[in-house]
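Order-wise, the sequence lines are chains A and B.
My numbering applies: residue 629 is where the first sequence begins, and numbers increase by one.
My numbering applies: residue 629 is where the second sequence begins, and numbers increase by one.
2 protein chains.
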Amino acid sequence: MATTAVDVKELASSYIFIADMPGLKHSDIKVQVENDNVLKISGERRRDDAVQDGEVKYVRVERSAGKFMRKFNLPANANLDAISAACQDGLLTIIVPKTPPPDIYRPRTFDVNVTGSGC
Amino acid sequence: MATTAVDVKELASSYIFIADMPGLKHSDIKVQVENDNVLKISGERRRDDAVQDGEVKYVRVERSAGKFMRKFNLPANANLDAISAACQDGLLTIIVPKTPPPDIYRPRTFDVNVTGSGC
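As structure tokens, then:
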């Protein structure tokens with residue numbers, strides 16, 4: 629499994645997930661919502677040995693490679709229908725907008741007409 | 629200091645350094661050769677909070693941030709004048725061509741004319 633570091637930040641109107649994806653294009657990454665409350669990020673990071681002139685010898689191997697998968701529980705106010713994701717410069721950014729809060733309960737004070745006679 | 633994983637591979641005609649630089653553009657990265665034999669990669673990885681709507685609260689922080697610097701001794705056959713570097717999809721690739729090997733010593737066998745008289 630490849631390691632995939634993720635930051636999550638909360639703004640006034642959304643949650644933002646930022647994941648390190650060096651060397652990956654948007655077509656290499658899968659972003660899904662499972663069971664209406666889990667955000668799943670998955671894919672595979674491969675070592676690119678496509679362009680070679682003869683034998684390749686790895687002198688040093690520090691970069692993480694292989695399949696990766698991360699899951700995050702989404703908060704109740706996540707607007708699942710408006711989630712968007714973009715990948716640029718090896719960084720995946722997923723924006724999860726918040727649903728607007730329900731109307732705030734305000735206790736009311738008002739007069740009730742009293743009708744009748746004799747009092 | 630930010631962590632910066634680097635792979636180094638050796639091909640028949642070059643050494644290739646590949647460094648994870650998620651979120652960085654080529655203008656954020658400095659590649660230098662020091663003292664004719666040290667390859668130095670440096671820069672800074674910042675958290676991008678430029679686009680905000682109000683207060684930002686980090687719910688999760690896993691991604692590495694801050695300045696980074698890596699140094700590698702270059703082999704004697706590195707062609708310093710032909711080093712090239714490119715950054716794409718958050719991946720820095722530095723190609724260090726090898727200098728061609730010196731002409732191979734081949735012991736020669738040949739005839740030497742013998743001149744003179746009396747023998």
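C-beta: ideal position from N, C-alpha, C; glycine also.
query: Are the Cβ atoms of Gly671 (chain A) and Met629 (chain A) separated by less than 8 Å?; result: no
query: Give the secondary structure of Ser642 (chain A) by DSSP, where H, G and I count as helix, E and B as strand, and everything else as coil.; result: strand
query: Quick check on Leu708 (chain A): does DSSP put it in helix, strand or coil?; result: helix
query: Check Asp648 (chain B) in the structure and name its three-state DSSP category.; result: strand
query: Of all the CB atoms in chain A, is at least one closer than 8 Å to the CB of Pro650 (chain B)?; result: yes
query: Reducing DSSP to helix, strand and coil, say where Asp731 (chain A) ends up.; result: coil
query: On the criterion of 16 or more Cβ atoms from any shown chain inside 10 Å, does Met697 (chain A) qualify as buried, or is it exposed?; result: exposed
query: What's the gap between the Cα of Ile722 (chain A) and the Cα of Ala633 (chain B)?; result: 24 Å
query: In this structure, how does DSSP classify Ser670 (chain A) when only helix, strand and coil are distinguished?; result: strand
query: Taking the beta carbon of Arg691 (chain A) as the centre, do at least 16 other beta carbons fall within 10 Å, making it buried, or is it exposed?; result: buried
query: Check Asp664 (chain B) in the structure and name its three-state DSSP category.; result: coil
query: Assess contact between the region 644-656 of chain A and the region 638-649 of chain B, defined as three or more Cβ pairs (one per stretch) separated by less than 8 Å. Is contact present?; result: yes
query: For chain A, is any of its Cβ atoms less than 8 Å away from the one on Asp664 (chain B)?; result: no
query: Does the beta carbon of Lys726 (chain B) come closer than 8 Å to any beta carbon on chain A?; result: no
query: My assumption, with CB atoms under 8 Å, is that Val666 (chain A) sits in contact with Phe700 (chain A). Please give the rounded CB distance.; result: 7 Å
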